[in-house]
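See below for the structure under consideration.
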Amino acid sequence: MEFNVSIEKKYFFGILGALFVLAGLFAVYAYGTNEPEVFGHSVGELDIKLDCAYAIRNAGEEPVITSGDANAIESIGIGGGFDEKWGLGCVNDYKKTGCYLADPTGSPADSDVISSDDGQGCLTDDEEYNASAGLSVVCCKIVAN
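Using the numbering used here, the letters of the sequence shown map in sequence onto residues 156 to 300.
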């Protein structure tokens, strides 16, 4: 008994592709990859928390850590000189998540605060220093429990 099947090349690859798609769908269903708690991790297993530090620095003063790890925040620059930058920065694996300027002379513009070259610092200049402005920074990192 002889069995011959004659399929054109383009139809062969189409059928082969469809079989691969069906095999892939079967594998996803069989291994439960469409349900994260079966294949991966539940939310409870991914027990992580955000560890944040908060600091304020007024012009001409040292920073005050209001909450969190004091080693997460550093003082940048002295301030007071013409166009001299001063502010606060995040260190030791902490990342800057917030930066705010408090200017007692009025409402400061967002352009009064810039990021440091590495993106982890909040800086301002002599105008805010002379206006007795204050800077605050929030530095956070993800930690596992």
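Ideal Cβ placement from N, Cα and C applies to all residues, glycine included.
Close CB contacts of Ser271 within its chain, under the 7 Å cut and outside five residues either way in sequence, are with Ile231, Gly244, Leu278 (chain order). Nearest C-alpha to Tyr255 among Ile228, Ala227, Ala288: Ala288. Taking every protein chain shown into account, the CB of Leu171 has fewer than 16 other CB atoms within 10 angstroms, so this residue is exposed.
For Asp248, the three-state secondary structure derived from DSSP is coil. Annotation for Gly215: no residue places its beta carbon closer than 6 Å to its own, counting only its chain and skipping 5 residues before and after. One thing to note: Val298 has its Cβ within 7 Å of the Cβ of Lys204.
Short of 6 Å from the beta carbon of Arg212, and not among the five residues preceding or following it, lie these beta carbons of its own chain, in chain order: Pro218, Leu243, Leu290.
For the options Gly179, Tyr284, Tyr249, the alpha carbon positioned closest to that of Ala210 is the one of Tyr249. DSSP, reduced to helix, strand and coil, places Ala257 within a strand of the structure shown. In this structure, the CA atom of Glu282 is about 9 Å from the CA atom of Glu239.
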